[in-house]
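Below: one structure, written as structure tokens.
Protein chains in written order, with the working numbering: chain U, 1 to 267; chain Y, 268 to 551; chain C, 552 to 833.
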């Protein structure tokens with residue numbers, strides 16, 4: 001019933017670990033470097049190193065493991081799907097099993113597991129970022145990285161403001177959807193059964209009120225922002241200016257080093 | 268119909284850092300013809316409780332009996348038909364192009380024949396004081412806030428429920444609008460024989476209308492009884508952050524000042540008579 | 552009321568009228584010929600039934616709407632002059648009815664900082680103002696909290712802090728308690744009264760009659776016109792007129808009136824339960 005509340009993937013959990021305290025920009029860059037490393041690695045030793053790094057951070061982040069893995073539930077299906085696709089459709093190596101015209105080859109199994117490992121590393125490392133970084137810190141980092149683009153006419157401030165407002169209103173709108181759904185269910189609406197066309201039709205009593213209320217909210221929010229003297233990014237100051245410490249530079253340097261080692265030694 | 272809750276508890280998101288115990292060990296019987304008011308602060312579990320009464324939420328532990336029979340999976344649709352639930356600010360759920368279509372949504376979901384749907388829509392609109400001929404073809408979004416709220420109420424009444432649950436039906440209305448809506452609910456209770464469950468945080472509104480009050484604090488059942496019984500101990504309610512109705516508060520204060528007055532008084536007229544009696548002024 | 556020294560005017564409306572286009576019925580006057588002045592430090596309550604034009608009037612007091620005819624001055628600045636708008640909005644801050652639809656940021660402190668950030672206040676000073684404003688509304692312990700997890704009363708206090716951090720002269724509240732429970736209403740009303748004692752002019756729009764009792768002056772709006780104006784006692788004496796407008800008096804005021812009719816002698820200023828008790832126990 002509380003469908004929206006059960007989605008916990010990547011939802012920020014406040015804490016005081018090393019990961020929590022790092023500058024969001026440092027975390028961003030380190031994550032990017034780490035993702036590059038994930039795609040460079042193609043030996044078991046290399047994966048072992050990555051696994052050690054990821055598990056260390058996972059255990060020191062203070063995030064309950066049960067919560068972490070519950071949030072990953074939707075990803076399990078993607079992993080299974082990837083594995084099966086490779087097992088049945090990737091050809092090469094020796095034939096292990098023959099089922100009529102189809103074969104299962106050794107290379108397919110090998111590649112399937114590789115891909116699944118990559119997905120695991122990708123998802124775990126990315127959720128470590130979002131679980132330990134507040135949405136505002138993420139937005140601040142994005143705004144910082146987009147700043148050079150504003151000279152090319154990209155509305156960096158506006159994009160960041162839109163992200164902030166979206167983040168602010170997602171929980172509110174989720175609560176509201178749940179409320180409207182329940183109100184319509186109390187009038188006998190059915191959101192759960194029927195074929196695709198019927199289900200889409202059944203969503204009208206949910207979507208129309210949601211749109212109406214979103215427009216009203218947007219309207220009221222715009223007036224409230226105007227009342228508080230908002231007039232775009234010009235001349236605007238910030239409560240918190242991002243401040244990088246030596247620790248942050250160290251984090252980025254370490255991530256860079258890992259890549260260099262992996263690329264250099266061909267792990 | 269009779270609704271009985273036995274040791275009902277409800278926990279949101281169990282087993283996560285966001286776990287919240289919204290209801291703890293509620294025991295309650297709602298008899299046919301009851302007018303029950305559920306009072307409590309926001310977050311006291313009022314909304315969670317009423318959603319159990321029509322099967323929108325299932326208890327984490329404990330059980331719910333309808334006419335003595337335990338509710339199972341197959342019965343939820345049936346219960347939603349018999350127990351109508353009107354949420355707070357119900358006008359926010361209107362969606363159809365015309366008022367008629369919106370009110371007809373519930374009866375149509377019940378699979379009723381067209382003539383019966385029409386009869387129910389017209390009847391429900393009359394029950395909330397709206398003219399089906401005049402408003403039936405209008406878009407609900409062009410009407411005033413008060414009218415929209417009535418249309419949403421009609422949408423639930425058109426299901427012809429036996430029990431009507433209303434969550435803060437008067438929220439956001441001015442004094443006149445508030446009185447009109449509450450009087451309308453009284454009428455549905457009296458004339459249509461509906462069992463009414465009213466969720467409110469206004470002592471003023473419910474004291475003179477409800478037969479029984481249930482006070483919830485932090486998901487627990489703190490007090491249950493007639494208004495006179497519940498308001499007997501003013502101090503306790505004040506400590507829970509729930510005020511007394513003004514007239515009742517006045518009587519408590521007069522008593523504290525040593526005057527001999529009753530405390531189970533909720534209307535201005537009763538208060539006048541009690542004070543005149545206290546002062547020994549002859550009444551006409 | 553500003554006692555002792557001669558009053559200093561903060562808001563003046565003269566012959567204010569506002570007309571808008573309605574989809575089906577065409578032109579409609581939401582406000583008609585409204586004139587009043589409000590002095591620094593006053594606590595004003597504006598009462599009116601739904602649709603009486605209260606919110607429209609409020610939006611004229613900080614240049615969110617501009618008069619169709621007549622004029623509005625805030626601290627001597629004319630609202631119809633666009634060059635004055637930002638200064639007027641800083642001087643006359645506004646809190647709205649729906650607490651959810653006025654909080655912009657994802658944490659309490661970020662939201663309170665939103666106004667000062669827009670004014671270009673330096674970071675260190677924003678920090679000081681945010682802390683001070685949250686202290687004033689009693690929300691200092693919630694700096695890092697997400698707004699959607701707060702109660703209605705807490706959200707409204709955050710919204711008030713957001714205005715206070717802009718250092719306004721005047722606080723306009725448009726039905727701030729309409730969507731709150733009793734505890735939330737008490738929180739907001741206590742906060743507003745405290746700010747008024749600190750010297751901020753308060754203009755509170757409401758349809759809860761009990762909230763008007765503490766005002767210095769009450770204005771009643773009906774059908775876009777200023778129908779009554781005076782002290783709470785003066786306005787509540789006219790209970791029948793108020794009821795005819797779709798409003799009411801607090802029960803205790805109605806009771807006092809009933810008792811007077813029955814021949815009990817009571818002071819004309821009885822507005823609260825405490826006052827009536829002390830009158831009756833005299």
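Think of the CB as a built atom: it goes at the ideal place given N, C-alpha and C, for glycine as much as any other residue.
Nothing here was measured: the structure is a model prediction, and the numbers come from that model.
8 Å Cβ cut-off: residues of chain U touching residue 323 of chain Y: 1, 182, 185 and 186
Per the DSSP calculation, residue 569 of chain C is bridged to which residue(s)? C:582
Could you name the residues of the stretch 56 to 79 of chain U whose beta carbon sits closer than 8 Å to any beta carbon of chain Y, in the order they occur along the chain? 64, 66, 67 and 70
Taking only beta-carbon atoms, is residue 407 of chain Y less than 8 Å away from chain C? no
Members of the stretch 219 to 240 of chain U near chain C, C-beta cut-off 8 Å: 220, 221, 223, 224, 225, 226, 227, 228, 229, 230, 231, 235, 236, 237, 238, 239 and 240
Spatial distance of residue 207 of chain U from residue 29 of chain U (CA atoms): 39 Å
Tell me the DSSP secondary structure of residue 643 of chain C in three-state form. strand
List the endpoints of the continuous beta strand (DSSP E) containing residue 620 of chain C. 620 to 625
Would you mind listing the alpha helix (DSSP H) stretches within the stretch 9 to 61 of chain U that are 4+ residues and don't spill past its ends, in chain order? 18 to 21, 24 to 40 and 44 to 60
So which residues of chain C does residue 468 of chain Y contact, with C-beta pairs closer than 7 Å? 732 and 733
Go through the stretch 721 to 767 of chain C residue by residue and report every complete run of the beta strand (DSSP E) that reaches 3 residues or more, in order. 721 to 725 and 752 to 757
Against chain U, does residue 640 of chain C count as a neighbour if the rule is that its beta carbon must be under 8 Å from one of theirs? yes
Rounded to a whole number of angstroms, what is the C-alpha to C-alpha distance between residue 219 of chain U and residue 631 of chain C? 22 Å
According to DSSP, simplified to helix, strand and coil, what is residue 354 of chain Y? coil
Flag residue 205 of chain U as yes if its beta-carbon sits less than 8 Å from any beta-carbon of chain Y, otherwise no. yes
For residue 552 of chain C, is the classification buried or exposed, using 16 other Cβ atoms within 10 angstroms of its Cβ as the cut-off for buried? Note that residue 552 of chain C has pLDDT 44, beneath the 50 cutoff, so the model's placement of it is unreliable and the number below is only indicative. Exposed: under 16 other Cβ atoms inside 10 Å.
Is residue 165 of chain U close to chain C, meaning its C-beta is less than 8 Å from at least one C-beta of that chain? yes
Alpha carbon of residue 437 of chain Y to alpha carbon of residue 177 of chain U, nearest angstrom: 22 Å
CA-CA distance, residue 608 of chain C and residue 559 of chain C? 21 Å
Residues from the stretch 804 to 828 of chain C in contact with chain A, defined by Cβ distance under 8 Å: Although the question refers to chain A, the structure presented lacks it and instead comprises the protein chains U, Y and C.
Assuming residue 517 of chain Y contacts residue 538 of chain Y (C-beta within less than 8 Å), just tell me the rounded distance between them. 6 Å
Just the Cα atoms here: how many angstroms apart are residue 232 of chain U and residue 158 of chain U? 7 Å
Are any of the Cβ atoms in chain C nearer than 8 Å to that of residue 341 of chain Y? no
What are the residues in the stretch 702 to 714 of chain C lying within 9 Å of chain Y by C-beta distance? 702, 703 and 704
So residue 473 of chain Y contacts chain C; which residues on that side make the cut at Cβ distance below 7 Å? Within chain C, no residue comes near residue 473 of chain Y; the closest Cβ sits about 12 Å away, beyond 7 Å.
Kindly provide the ranges of any alpha helix (DSSP H) runs that are 4 or more residues long and lie completely inside the stretch 134 to 166 of chain U, ordered along the chain. 135 to 150
Through-space distance from residue 55 of chain U to residue 49 of chain U, alpha-carbon basis: 10 Å
Using a Cβ-Cβ cut-off of less than 7 Å, list which residues of the stretch 416 to 437 of chain Y approach chain U; keep chain order. 422, 423 and 426
Counting C-beta neighbours from all protein chains within 10 Å, is the total for residue 620 of chain C 16 or more, i.e. buried, or is it exposed? exposed
Neighbour flag for residue 148 of chain U against chain Y, beta carbons, 8 Å: no
Express the C-alpha separation of residue 39 of chain U and residue 7 of chain U in angstroms, rounding to a whole number. Note that residue 7 of chain U has pLDDT 47, beneath the 50 cutoff, so the model's placement of it is unreliable and the number below is only indicative. Near 28 Å, if we compare the C-alpha coordinates of residue 39 of chain U and residue 7 of chain U.
Indicate whether at least one CB of chain U lies closer than 8 Å to the CB of residue 316 of chain Y. no
Tell me, to the nearest whole angstrom, how far the beta carbon of residue 397 of chain Y is from that of residue 329 of chain Y; I am working on the premise that it is less than 8 Å. Incorrect: roughly 40 Å between the Cβ atoms, too far for contact.
Looking at the C-beta of residue 832 of chain C, does it have a partner C-beta in chain Y at a distance below 8 Å? yes
Which runs of the alpha helix (DSSP H) spanning at least 4 residues fall entirely within the stretch 648 to 721 of chain C, listed in chain order? 659 to 670, 674 to 687 and 703 to 715
What's the C-alpha gap between residue 577 of chain C and residue 567 of chain C? 20 Å
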